[in-house]
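Protein sequence lines, in the order shown, are assigned to chains A and B. Using my numbering, the first residue of the first sequence is number 1, and each one after it goes up by one. Using my numbering, the first residue of the second sequence is number 1, and each one after it goes up by one. By construction, the Cβ of each residue, glycine as well, lies at the ideal position given by its N, Cα and C atoms. Fair warning: this is a prediction, and the values are worked out from it, not measured in the lab.
Number of protein chains: 2
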Amino acid sequence: MRGFGRGTGAFGRRWVELYLLLLIAEKPSHGYELSTRLKDFGVMIPGIGQMGSLYRILSTLEMSGLVATDWDISEGGPARKVYKITKEGLSFLEDAMESVYALKTNIEKFIERYEALKKRE
Amino acid sequence: MRGFGRGTGAFGRRWVELYLLLLIAEKPSHGYELSTRLKDFGVMIPGIGQMGSLYRILSTLEMSGLVATDWDISEGGPARKVYKITKEGLSFLEDAMESVYALKTNIEKFIERYEALKKRE
DNA sequence: GGCTCTTATATGATATAAGCATATATATAA
DNA sequence: TTATATATATGCTTATATCATATAAGAGCC
C-alpha cells in the first residue's frame with residue numbers, strides 16, 4: 001500500500017478531468033502549462049506525476065468534445081497545443097459540481113468521525 | 001467519459017482504503033456490513049459497486065497488516081470474516097489524515113474558483 | 001558545429017485497479 | 001422447492017496508472 005498525497009493515487013482520474021476542465025475554463029492553456037497550474041492546487045493528483053498521463057487525459061477530453069484545441073506556433077520553441085473549453089465542457093463541469101459539493105460534505109463527515117474516534121481513545 | 005458520484009470512479013482506491021480503515025476503527029465489521037456502512041457516507045465509492053472489489057481491497061489491507069481478522073460463526077448463516085484495526089492501521093490512518101485535511105482545502109479551493117468563474121460569465 | 005537544458009507533445013510497455021459476471025454456501029421466508 | 005437475504009470469494013476483461021522512452025524546437029554555452 002502506497003502513501004497518499006505523494007503523487008500516487010491521491011485522487012481518481014475523474015477528478016483530474018474536472019480539475020483540468022476548471023483550469024481550461026479559467027484560461028486556455030497547453031498541456032505543459034496545465035501541469036504546472038495543477039501543482040498550484042497543492043495536492044498531488046494521480047497520473048500527473050508523469051506528463052504522459054496528462055496528455056492522455058487531455059486527449060480523452062478532446063475526443064469527448066469537452067475541450068477543443070488549436071496549435072500555437074507564435075511563441076517560438078516547440079509548438080503548443082492549446083486547449084479551450086467547449087459549451088459541452090462547461091455544462092459537463094456544471095453538472096459535475098453536484099459531485100464536488102457532495103465530496104466536500106463527505107470529507108467533512110470523514111474528518112468529524114475521525115476526530116470523534118480520536119477523542120474516544 | 002462517465003459520470004461522477006454514480007458509482008464509477010468517484011474516488012480513488014486509496015480513499016476507499018481510508019474509509020474502510022476509519023469504519024473498521026470505529027467498530028470491527030465484516031465485509032458485507034462494511035459495504036452497507038460505506039453507503040451511509042452518501043457518496044459512491046469506486047470498486048464498491050460490486051462486492052468483489054470490496055473483498056479484494058479488504059484482503060490487501062489484511063495482507064499489509066493494517067487490519068486483522070477473525071471468523072465469526074456465532075450468529076448462524078454463513079460465516080463472517082470480521083475485520084478489526086491494528087496498531088499499524090491506526091497509525092497509518094493518523095498519518096493519512098494529513099492528506100484528508102489537504103483534500104478538504106483543495107475541494108474548497110476548487111469550489112471557490114468554480115464560483116468565481118461563474119460570476120465572471 | 002556539437003553539447004546540454006528547458007520547453008513541449010506523444011507513445012510503448014507493463015503493473016495495478018475497476019467493473020462485470022459468476023461460484024459457493026447458510027439460513028429464512030413464502 | 002423456490003426465492004431471498006446474507007456472506008465470501010475468484011475469473012475475466014477493460015481501464016487507468018506508472019515508468020520509460022521517442023521526438024523535436026529553441027536557447028545558451030564553448
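CB of residue i within 8 Å of CB of residue j, strictly
| i | j | result |
| --- | --- | --- |
| L54 of chain A | S35 of chain A | yes |
| L117 of chain A | A68 of chain B | no |
| L18 of chain A | L93 of chain A | yes |
| I107 of chain B | L103 of chain A | yes |
| I57 of chain B | L21 of chain B | no |
| V16 of chain A | I111 of chain B | no |
| G89 of chain A | L66 of chain A | yes |
| F41 of chain A | K109 of chain B | yes |
Short CB-CB distance (under 8 Å) between residue i and chain A
| i | result |
| --- | --- |
| V100 of chain B | yes |
| M1 of chain B | Reliability of the predicted coordinates at M1 of chain B is poor, the pLDDT of 38 falling under 50, and the value obtained from them is presented with this limitation in mind. By this cut-off, M1 of chain B is an interface position. |
| A10 of chain B | Per-residue confidence for A10 of chain B stands at a pLDDT of 46, beneath the threshold of 50, marking its modelled position as unreliable; no derived number is given. |
| Y114 of chain B | yes |
| I24 of chain B | no |
| L54 of chain B | no |
| G7 of chain B | Model confidence at G7 of chain B stands at a pLDDT of 32, short of 50, so the residue's coordinates are unreliable and nothing is read from them. |
| K27 of chain B | no |
| K87 of chain B | no |
| K81 of chain B | no |
| K123 of chain B | The requested residue 123 of chain B does not occur in the structure, where chain B is confined to residues 1 to 121. |
Beta bridge counterpart(s) of residue i as assigned by DSSP
| i | result |
| --- | --- |
| K118 of chain B | DSSP lists no partner for K118 of chain B. |
| T69 of chain B | B:Y83 |
is_contact[residue i, chain B] using C-beta, thresh 8 Å
| i | result |
| --- | --- |
| K104 of chain A | yes |
| L38 of chain A | no |
| I57 of chain A | no |
| M97 of chain A | yes |
| L20 of chain A | no |
| E75 of chain A | no |
Rounded Cβ spacing between residue i and residue j (contact assumed at less than 8 Å)
| i | j | result |
| --- | --- | --- |
| M125 of chain B | Y114 of chain A | The question about residue 125 of chain B has no answer here: the residues shown for chain B are numbered 1 through 121. |
Please determine if the stretch 71-90 of chain A and the stretch 71-80 of chain B are in contact, where contact requires at least 3 C-beta pairs separated by less than 8 Å. With a cut-off of 8 Å, the stretch 71-80 of chain B and the stretch 71-90 of chain A do not count as touching, because too few Cβ pairs lie within range.
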